[in-house]
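In my numbering, the protein residues as written are 2 to 145.
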């Protein structure tokens with residue numbers, strides 16, 4: 002498990018992506034393309050996790066599943082990223098909707114910064130969502 006500087010676990014990235022895809026009905030064709038072997042492998046991984054095995058103990062199985070996904074043409078494997086062309090200018094690029102003439106982009110976050118709650122703003126909502134503990138509105142945090 003990956004850890005952050007403050008010691009909080011961030012979880013296994015491949016396992017998080019597997020969980021997300023298993024929860025997303027639109028991902029069913031990805032796993033369907035793996036055939037019976039892939040279905041058995043996914044079931045083995047899920048059953049082992051439910052029985053209490055750690056993601057580290059399943060590294061070989063996750064590697065095997067990633068190889069099957071790559072071989073079936075899913076270029077991200079168990080990564081949450083997607084391949085995009087490199088920009089013509091090296092380095093960081095501006096967001097297409099950031100800069101002069103565009104409203105600033107922001108997220109809503111914990112008003113005290115003590116927890117990891119972050120939400121996308123809802124333009125349709127009449128009020129900002131509130132912190133469930135303090136009852137204060139979430140803070141607007143600009144994206145830079």
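Note that the Cβ used here is the ideal one computed from N, Cα and C, for glycine as well.
Original post:
Helix, strand or coil: how does DSSP classify residue 125 here?
Top reply: As a working mapping, residue 125 is identified with position 124 in the chain shown. Reduced to three states, the DSSP call for residue 125 is coil.
Original post:
Are the beta-carbon atoms belonging to residue 79 and residue 63 less than 8 Å from one another?
Top reply: Translated into positions along the chain shown, residue 79 becomes position 78. Translated into positions along the chain shown, residue 63 becomes position 62. The answer is yes: Cβ separation under 8 Å.
Original post:
In angstroms, rounded to a whole number, what distance separates the CA positions of residue 130 and residue 105?
Top reply: The sequence position of residue 130 within the chain shown is 129, counting from 1. The sequence position of residue 105 within the chain shown is 104, counting from 1. Looking at the two C-alpha atoms, the distance is approximately 19 Å.
Original post:
Hey, how far is the Cα of residue 135 from the Cα of residue 124?
Top reply: In the chain shown, residue 135 corresponds to position 134, counting from 1. In the chain shown, residue 124 corresponds to position 123, counting from 1. Each residue's CA atom was taken as its position, placing residue 135 and residue 124 some 23 Å apart.
Original post:
Where do the ends of the beta strand (DSSP E) carrying residue 56 lie?
Top reply: Taking the first residue of the chain shown as 1, we reach residue 56 at position 55. Residue 56 -> no beta strand (DSSP E), and no H or E assigned at all.
Subject >> residue 128 classed as buried or exposed, judged by whether at least 16 other C-beta atoms fall within 10 angstroms >> reply: As a position in the chain shown, residue 128 is number 127, starting the count at 1. Counting the other Cβ atoms within 10 Å of the Cβ of residue 128 gives fewer than 16, which makes it exposed.
**OP:** Identify, in the order they occur along the chain, each residue of the same chain with its Cβ nearer than 8 Å to the Cβ of residue 42, setting aside the five sequence neighbours on each side.
**Re:** The residue you call residue 42 lines up with position 41 of the chain shown. Within the same chain, residue 42 has close Cβ partners 35, 62, 65, 66 and 69.
Subject >> Residues near residue 71 by beta carbon distance below 7 Å, same chain, minus five either side >> reply: Sequence index remark: in the chain shown, residue 71 carries index 70 (1-based). In its chain, beyond the 5 residues on either side, 78 have a beta carbon closer than 7 Å to the beta carbon of residue 71.
Subject >> Spatially closest choice to residue 60 from 111, 13 and 144, by CA coordinates >> reply: For this step, residue 60 is matched to residue 59 along the chain shown. Its Cα nearest to that of residue 60, the residue 13 stands out among 111, 13 and 144.
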